[in-house]
Amino acid sequence: MGRVSEKGIHTDFKDNMTYGEYLRLDKILSSQERLSGHHDEMLFIVIHQVKELWMKLILHELNAAIQSIEKDELPEAFKMLARVSRVQEQIIQAWDVLSTLTPAEYTEFRESLGRASGFQSYQNRLIEFALGYKQAHILKIYEKDQELARELKTAYEAPGIYDVAIHALRRAGFPINPDLLARDFSITYQGDPTVAAAWLEVYRDVDRYWDLYQLAEKLVDIEDSHQQWRFRHMKSVERIIGSKTGTGGSSGVKYLKSVLDHQFFPELWEVRTKL
559 MGRVSEKGIH
569 TDFKDNMTYG
579 EYLRLDKILS
589 SQERLSGHHD
599 EMLFIVIHQV
609 KELWMKLILH
619 ELNAAIQSIE
629 KDELPEAFKM
639 LARVSRVQEQ
649 IIQAWDVLST
659 LTPAEYTEFR
669 ESLGRASGFQ
679 SYQNRLIEFA
689 LGYKQAHILK
699 IYEKDQELAR
709 ELKTAYEAPG
719 IYDVAIHALR
729 RAGFPINPDL
739 LARDFSITYQ
749 GDPTVAAAWL
759 EVYRDVDRYW
769 DLYQLAEKLV
779 DIEDSHQQWR
789 FRHMKSVERI
799 IGSKTGTGGS
809 SGVKYLKSVL
819 DHQFFPELWE
829 VRTKL
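Mind the numbering: the sequence shown is residues 559 to 833 in the numbering used here, read in order.
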């Protein structure tokens, strides 16, 4: 068969924006600078840059979902949270690509990283804050950049997505502990009996509380995927550097294992036992 001719394709872009210009590909594709010159450092850089781009989209959707829940626009939030779950699938799979990096290969350029480490990913911290996981000592890492430090401090003190979900329970008529509604959002949520009782009623009467039930399940999807991401992170690090200290000074695998048991939305897991 002969080649199909596309007569309508535009070829003159002297006065029109191109695909590359729209996506700023000149900046994106010139940002992979290997400090060691080692072949496999390119893989390391690209994987982490791609994950940061996906994290940017996760934050975009999470923050919009928080605003929608605050306005009781739950169906709108569902679409955003479903998109977060799909993005999480991508960053989980990214660890499989990074795992093609062997310990011997990583050793060849690890020193080039200096003290730089994924532990310092501020977008990862913003995601944790949006999910309600707050650690005060983390903020010190970002003091070098005052504007970034202010952004993180604002997110640190703001309600996370579970906080606004609890407020939605109260607006739906559930007797939520008043002290909980006015709590300090910079403190990681630990659970409350009134919230547990509210979610149990939601799960026992799904038809009546369909939107709240859907919200709960969307949150469980996100936490499940986030824990899978944490696990794959831990195993990838263990596979490449074993139990060595991280470049940023963390205990590496030991630290990554320590956060695996943390639950962002404890009552949503507890309710499964009570049903």
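Glycine included, C-beta positions come from ideal geometry on N, C-alpha and C.
Query	Result
Just the Cα atoms here: how many angstroms apart are Y691 and L758?	23 Å
What residues in its chain sit with their C-beta under 8 Å from that of F602, if we drop five residues either side in the sequence?	L656, L659, Y664, F667
For my contact list, S643 and D779 are in at a C-beta cut-off of 8 Å; report their separation, rounded to the angstrom.	5 Å
Distance check for P717 and L710, CA to CA, integer angstroms please.	13 Å
Threshold first: 4 residues or longer. Then list the alpha helix (DSSP H) segments lying entirely within the stretch 597–671, N to C.	599–628, 632–656, 661–665
Kindly list the residues whose CB is nearer than 8 Å to the CB of V753, restricted to its own chain and excluding five residues on each side of it in sequence; keep chain order.	I724, L727, I734, N735, L738, E825
Looking at the structure shown, is T576 part of a helix, part of a strand, or coil, going by DSSP?	coil
My guess is that D630 and R766 are in contact by the Cβ rule of under 8 Å, so how many angstroms apart are they, rounded?	Their Cβ separation, rounded to whole angstroms, is 16 Å, which puts D630 and R766 out of contact at 8 Å.
Return the chain-ordered list of same chain residues with a C-beta closer than 8 Å to the C-beta of V605, the five sequence neighbours on each side being excluded.	Note on identity: in this sequence residue 605 is Ile, with Val being the wrong assignment. Same-chain partners within the cutoff: A652, V655, L656.
From which residue to which residue does the alpha helix (DSSP H) around K692 run?	That residue, K692, is in no alpha helix (DSSP H); it is neither H nor E in DSSP.
According to the neighbour-count rule (16 or more other Cβ atoms, all chains shown, within 10 Å of its Cβ), is W787 buried or exposed?	buried
Quick one: measure Cβ to Cβ for I719 and A688, integer angstroms, because I've assumed they're closer than 8 Å.	6 Å
Counting pairs of Cβ atoms below 8 Å between the stretch 784–802 and the stretch 740–752, do you hit three or more?	no
Is D721 helix, strand or coil by DSSP?	helix
Taking 7 Å as the limit between beta carbons, can you name the residues of its chain near E669, skipping five residues before and five after?	none
When the distance is taken between beta carbons, is E619 closer than 8 Å to L679?	The amino acid occupying residue 679 in the given sequence is Ser; Leu does not appear at that position. Cβ atoms of S679 and E619: not closer than 8 Å.
Go through its chain and collect everything with a Cβ distance to R641's Cβ below 7 Å, but skip five positions before and after it.	E619
Can the beta-carbon of L632 be found closer than 8 Å to that of L833?	no
Mind checking G595: buried by the 16 CB within 10 Å criterion, or exposed?	exposed
Excluding sequence positions up to five away, which residues of its chain have a Cβ less than 8 Å from the Cβ of T746?	G690, Y691, K692, Q693
Residues in the same chain with beta-carbon distance under 6 Å from Y771, minus the five sequence neighbours each way, listed in chain order, please.	V760, V764
Specify the secondary structure class of R673 as computed by DSSP and reduced to three states.	coil
Within the continuous alpha helix (DSSP H) that includes I745, where are the two ends?	Looking at the DSSP string, I745 is not in any alpha helix (DSSP H), and its letter there is neither H nor E.
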